[in-house]
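Asker: I have a structure I would like to understand better, so I am pasting it below and will then ask my questions one at a time.
Number of protein chains: 2
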Amino acid sequence: MKLEDSHISLAHGNGGRFMRELIDEVFARHLSNDTLDTNADSVALSLPGERIMFTTDGFTVQPLEFPGGSIGSLAVHGTTNDLAVAGADPLFLSLNAFIEEGVEVALLERIVADLGRAATETGVRVAAGDTKVLPRGQGGGIYLATTGIGVYRHPGVLAMNEIRAGDVMLVSGPIGDHGIAVMLAREQFGLRGDIRSDAASVLPLTRALRAVPGVRFMRDPTRGGLVSVAHEIARATGLEITLDEPSIPVRPAVTTVCDMLGYDPFYLACEGRVVAVVAPDAAAEALRAWKALPGGGDASVIGEMRALVHGGRVLLKTELGGLRILEELEDDPLPRIC
Amino acid sequence: MKLEDSHISLAHGNGGRFMRELIDEVFARHLSNDTLDTNADSVALSLPGERIMFTTDGFTVQPLEFPGGSIGSLAVHGTTNDLAVAGADPLFLSLNAFIEEGVEVALLERIVADLGRAATETGVRVAAGDTKVLPRGQGGGIYLATTGIGVYRHPGVLAMNEIRAGDVMLVSGPIGDHGIAVMLAREQFGLRGDIRSDAASVLPLTRALRAVPGVRFMRDPTRGGLVSVAHEIARATGLEITLDEPSIPVRPAVTTVCDMLGYDPFYLACEGRVVAVVAPDAAAEALRAWKALPGGGDASVIGEMRALVHGGRVLLKTELGGLRILEELEDDPLPRIC
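So the sequence lines, in the order shown, correspond to chains A and B. Here our numbering is used: position 300 in the first sequence is 285, and no number is missing along the way. Here our numbering is used: position 2 in the second sequence is -13, and no number is missing along the way.
Shown next, in the form of structure tokens:
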């Protein structure tokens, strides 16, 4: 670590010598690859001549580090997972960092290193970047944005409008770990737990379903959780979705915290899970494919789609056999979890 | 404008109904095009099978609106100009918005509309987007980030290492207008002027040089201004660069404000100018091409590159004929101008 200063100052954002040192010593060092050129205005991308996929996401999680990850790894997983659930292999990322004056350089470096590791593990290159320094009191420490480019590799069409009445919904693993892990890391509740964020690349999960015919649509349930994904599908298709409460995997520790604090786990963010909608006769094979993967052991069929005159609703069939309507999220259960 | 609320709340960032309304009523309405799909995790890009160029930039300008532009138009021009000076035609943008709780929806809408207009004028599509809402007191109103994709269209190679001793440096128009316009818009100096930001697409300027053989390198002098571009070139090439003060176009009003407040215009940001380095025998044709364009009337040859034992310096030949060293920027002359 050669940066002379231990804290970020506004001069690290001014386009001059301090900024160049910050970029060389912190960003380029951890993110270096054949494509990234910190002296170029734009870089050339080597892309296979196929269907190119594009997505972007912003990250404002607080605290910046939490059990199981940091805003750095999240900034890779969040964006590359959006490419993965859309059927693509992620190839390149751009990175924007908004750093508040006074941030410890050591903290920034841990986060950039975590981002670099996540990128390497996911097989994606940071090909372009920019940093801005915000005056003290006008930022939340570090905000990141990443934009991802990938190549479509799913053999069929993945789209919400491929979903039909009778299709079933699957989830790849327990929900809510990320939301609860971040909340507990804030310590404001005086609770301590062993819950780690599920933040991870879902690429192995989405790749596994390429061999399964009858996959209609995939999404990662981040902000707004499982219920928000279900509402998006219900709204787009006009179908009614019934989720089966006993089938939805939730870790006991997550249930306990939710019960104590009055949260509904079905609205909590995951950062390493996939929701898939598949034809009914594809469910068993999809489940088998997921269960064979690390982290896929709790994969489950959790709901079904039905055509109804009054479609567009999301229902929960409860443990006791009753039906309750799951409303679209209005209040924020947990702000700044991603 | 159908958004029910007049101010942004944290609920506009939670992934639920309010967030969807914000995206539909403010973002999708002003940015709509065939590629953007606000329901998709990733969108497919139609790209010609050629050299794909990629760049990103963050925007934190304060105030958010200033004579000649806003953070919205700046977010388009800043990123598409980086593609343009690299020899590309910009095609697609991603957009990240970090919006502080309490921002007036009417202000946000003006800025998004300005961004949409700039995108249309530049011929670029916003193909992906994300918004995050920051808690009050942890943001500067609105921060934006854009990532751009383009296709390389320059007939030759544009790169700093194409620059040779004897090459000359050109600038396409008066420098410093953007920096001074933004500073005056802050009103903290009690000055009022007619200076408007030069923020604009430089694509017509960079396209005009495609017909000129001998163009080595182009860059837009943003943060850190003309001197920072010269230092980047000097550092990368080991050449000494001498800028000719009387030849550098600066509007009298900009000179006046700089004299009053002690700024050096050579360090001030432009957002619609191009610096080009060309072979000596190409300078006349490049100048002619620029002068024929709207806004190119003040284009000038402003400096030359020399091989020296002690290379890497940037010198200014002053009006009086003396030579002074232009140091690399360390202090920030004007924070948050882009």
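Ideal Cβ positions, reconstructed from N, Cα and C, are used throughout, including at glycine. Since we're looking at a predicted model, the values are computed, not measured.
By how many angstroms is the C-alpha of residue 168 of chain A removed from the C-alpha of residue 244 of chain A?
Answerer: As a working note, residue 244 of chain A is residue 259 in the first sequence. As a working note, residue 168 of chain A is residue 183 in the first sequence. Residue 244 of chain A and residue 168 of chain A have their C-alpha atoms some 14 Å from each other.
Asker: What is the rounded straight-line gap between the Cα of residue 179 of chain B and the Cα of residue 163 of chain B?
Answerer: Position 194 of the second sequence, counted from the first residue, corresponds to residue 179 of chain B. Position 178 of the second sequence, counted from the first residue, corresponds to residue 163 of chain B. Answer to the nearest angstrom: the Cα atoms are 12 Å apart.
Asker: Helix, strand or coil, according to DSSP, for residue 112 of chain A in the structure here?
Answerer: Start at 1 with the first residue of the first sequence, and residue 112 of chain A comes out as number 127. Of the three classes helix, strand and coil, the one that applies to residue 112 of chain A here is strand, per DSSP.
Asker: Answer with yes or no whether the minimum CB distance from residue 138 of chain A to chain B is below 8 Å.
Answerer: In the first sequence, residue 138 of chain A corresponds to position 153, counting from 1. No - not a single Cβ of chain B is within 8 Å of the one on residue 138 of chain A.
Asker: At a CB distance below 7 Å, what residues from the region 41 to 63 of chain A approach chain B? Give them in sequence order.
Answerer: 41, 42, 43, 45
Asker: Taking the beta carbon of residue -1 of chain B as the centre, do at least 16 other beta carbons fall within 10 Å, making it buried, or is it exposed?
Answerer: If you number the second sequence from 1, residue -1 of chain B lands on position 14. When all chains shown are included, residue -1 of chain B counts as buried.
Asker: In angstroms with no decimal places, state the Cα-to-Cα distance between residue 337 of chain B and residue 53 of chain B.
Answerer: Only positions -14 to 323 of chain B appear in the structure, and residue 337 of chain B is not among them; the question remains open.
Asker: Less than 8 Å between CB atoms is the rule here; does residue -14 of chain B satisfy it with respect to chain A?
Answerer: If you number the second sequence from 1, residue -14 of chain B lands on position 1. Note that residue -14 of chain B scores a pLDDT of 46, beneath 50, so its modelled location is shaky; the value from the coordinates is reported in the next line. No, its Cβ sits nowhere closer than 8 Å to a Cβ of chain A.
Asker: Grouping DSSP H, G and I as helix and E and B as strand, with all else coil, what is residue 152 of chain A?
Answerer: Your numbering for residue 152 of chain A matches position 167 in the first sequence. Correct three-state label for residue 152 of chain A: coil.
Asker: Are the C-beta atoms of residue 276 of chain B and some chain A residue less than 8 Å apart?
Answerer: As a first step, residue 276 of chain B is located in the second sequence; it is residue number 291 there, counting from the start. Judged by the 8 Å Cβ criterion, residue 276 of chain B is not in contact with chain A.
Asker: Kindly say whether residue 162 of chain A, judged by its beta-carbon, lies nearer than 8 Å to any beta-carbon of chain B.
Answerer: Taking the first residue of the first sequence as position 1, residue 162 of chain A is located at position 177. It does not: the Cβ of residue 162 of chain A has no partner Cβ on chain B nearer than 8 Å.
Asker: Please give me, in chain order, every unbroken run of the alpha helix (DSSP H) with length at least 4 that falls completely inside the region 211 to 270 of chain A.
Answerer: 237 to 246
Asker: For residue 74 of chain B, which residues from the same chain have a beta carbon less than 6 Å from its beta carbon, with the 5 sequence-adjacent residues on both sides left out?
Answerer: The sequence position of residue 74 of chain B within the second sequence is 89, counting from 1. Excluding sequence neighbours, residue 74 of chain B sits near 135, 136, 138.
Asker: Return helix, strand or coil for residue 163 of chain A, following the three-state DSSP convention.
Answerer: Along the first sequence, one-based indexing puts residue 163 of chain A at 178. Here residue 163 of chain A sits in helix by DSSP.
Asker: Check the C-beta distance from residue 49 of chain B over to residue 127 of chain B and give it rounded, since I have them as a contact under 8 Å.
Answerer: Here residue 49 of chain B refers to the residue found at position 64 when the second sequence is read from its first residue. Here residue 127 of chain B refers to the residue found at position 142 when the second sequence is read from its first residue. Contact holds; Cβ gap of about 6 Å.
Asker: When you compare only the Cα positions, how much space is there between residue 104 of chain B and residue 235 of chain A?
Answerer: In the second sequence, the residue the question calls residue 104 of chain B occupies position 119. In the first sequence, the residue the question calls residue 235 of chain A occupies position 250. Between residue 104 of chain B and residue 235 of chain A, the C-alpha separation is close to 45 Å.
Asker: I want to see whether chain B comes within less than 8 Å of residue 222 of chain A, judged by CB atoms only; does it?
Answerer: Position 237 of the first sequence, counted from the start, is the residue given in the question as residue 222 of chain A. It does not; no Cβ of chain B falls within 8 Å.
Asker: Taking Cβ to Cβ, would you say residue 170 of chain B is nearer than 8 Å to residue 256 of chain B?
Answerer: To locate residue 170 of chain B, count along the second sequence from 1; it is residue 185. To locate residue 256 of chain B, count along the second sequence from 1; it is residue 271. No, they are not a contact pair.
Asker: So, are the CB atoms of residue 233 of chain B and residue 160 of chain B less than 8 Å apart?
Answerer: As a position in the second sequence, residue 233 of chain B is number 248, starting the count at 1. As a position in the second sequence, residue 160 of chain B is number 175, starting the count at 1. Going by C-beta atoms, residue 233 of chain B is nearer than 8 Å to residue 160 of chain B.
Asker: Just to confirm the assignment: which complete beta strand (DSSP E) runs, minimum length 3, are found wholly within the region 51 to 128 of chain B?
Answerer: 73 to 85, 110 to 119
Asker: Can you check which of these residues, A/112, A/132, A/144, is closest to residue 222 of chain A by C-alpha distance?
Answerer: Position 237 of the first sequence holds residue 222 of chain A. Nearest option by C-alpha distance: A/144.
Asker: Pick from A/205, A/252, A/-7, A/229: whose alpha carbon is nearest that of residue 319 of chain A?
Answerer: Position 334 of the first sequence holds residue 319 of chain A. Measuring from the Cα of residue 319 of chain A, the nearest candidate turns out to be A/252.
Asker: Evaluate residue 313 of chain A with the Cβ neighbour count: other Cβ atoms within 10 Å of its Cβ, from every protein chain shown; 16 or more gives buried, anything less gives exposed.
Answerer: On the first sequence, position 328 is the one that residue 313 of chain A refers to. Residue 313 of chain A is buried by the Cβ-count criterion.
Asker: For the putative contact between residue 155 of chain A and residue 261 of chain A, defined by C-beta atoms under 8 Å, what is the C-beta separation to the nearest angstrom?
Answerer: Within the first sequence, numbered from 1, the residue matching residue 155 of chain A stands at position 170. Within the first sequence, numbered from 1, the residue matching residue 261 of chain A stands at position 276. That pair is a contact at about 5 Å.
Asker: Name, please, each residue of chain A whose Cβ falls closer than 9 Å to the Cβ of residue 119 of chain B.
Answerer: Counted from its first residue, the second sequence places residue 119 of chain B at position 134. Residues of chain A passing the Cβ test: 45, 124, 125, 128, 321.
Asker: Rounded to whole angstroms, what's the CA-CA distance from residue 227 of chain A to residue 26 of chain A? Just pull it up for me.
Answerer: Here residue 227 of chain A corresponds to residue number 242 of the first sequence, with the count starting at 1. Here residue 26 of chain A corresponds to residue number 41 of the first sequence, with the count starting at 1. Taking the straight line joining both Cα atoms gives about 50 Å.
Asker: Where does residue 23 of chain A fall in DSSP's three states?
Answerer: Working through the first sequence from its first residue, we reach residue 23 of chain A at position 38. In the three-state DSSP reduction, residue 23 of chain A falls in the coil class, being neither helix nor strand.
Asker: Taking the alpha helix (DSSP H) that residue 2 of chain A falls in, what are its first and last residues?
Answerer: Here residue 2 of chain A is taken as the residue at index 17 of the first sequence, counted from 1. That run of the alpha helix (DSSP H) goes 2 to 7.
Asker: If you count every other CB in all the chains shown that lies within 10 Å of the CB of residue 213 of chain A, and 16 or more means buried, which is it?
Answerer: Counted from its first residue, the first sequence places residue 213 of chain A at position 228. Buried, since its Cβ has 16 or more Cβ neighbours within 10 Å.
Asker: May I ask you to list, following chain order, the residues of the region 17 to 40 of chain A that have a beta carbon less than 9 Å from some beta carbon of chain B?
Answerer: 20, 24, 25, 26, 27, 28, 29, 30, 31, 32, 34, 36, 37, 38, 39, 40
Asker: Please state whether the Cβ-Cβ distance between residue 125 of chain B and residue 64 of chain B is less than 8 Å.
Answerer: Your numbering for residue 125 of chain B matches position 140 in the second sequence. Your numbering for residue 64 of chain B matches position 79 in the second sequence. It is not a contact, given that the beta carbons lie outside the stated cut-off.
Asker: Hey, is residue 113 of chain B's beta-carbon within less than 8 Å of any beta-carbon in chain A?
Answerer: Taking the first residue of the second sequence as position 1, residue 113 of chain B is located at position 128. Judged by the 8 Å Cβ criterion, residue 113 of chain B is in contact with chain A.
Asker: Just tell me which of A/111, A/72, A/38 has its CA closest to the CA of residue 113 of chain B.
Answerer: Looking up residue 113 of chain B in the second sequence gives position 128. Of the listed residues, the one whose Cα sits closest to residue 113 of chain B is A/38.
Asker: Are three or more beta carbon pairs between the region 87 to 96 of chain A and the region 89 to 106 of chain B nearer than 8 Å?
Answerer: Cβ pair count under 8 Å is below three, so no.
Asker: Is the CB of residue 9 of chain A under 8 Å away from at least one CB in chain B?
Answerer: In the first sequence, counting from the first residue as 1, residue 9 of chain A sits at position 24. Not one chain B Cβ lies under 8 Å of residue 9 of chain A.
Asker: Using a cut-off of 8 Å between C-beta atoms, extract the partners of residue 145 of chain A located in chain B.
Answerer: On the first sequence, position 160 is the one that residue 145 of chain A refers to. What residue 145 of chain A touches in chain B: 24.
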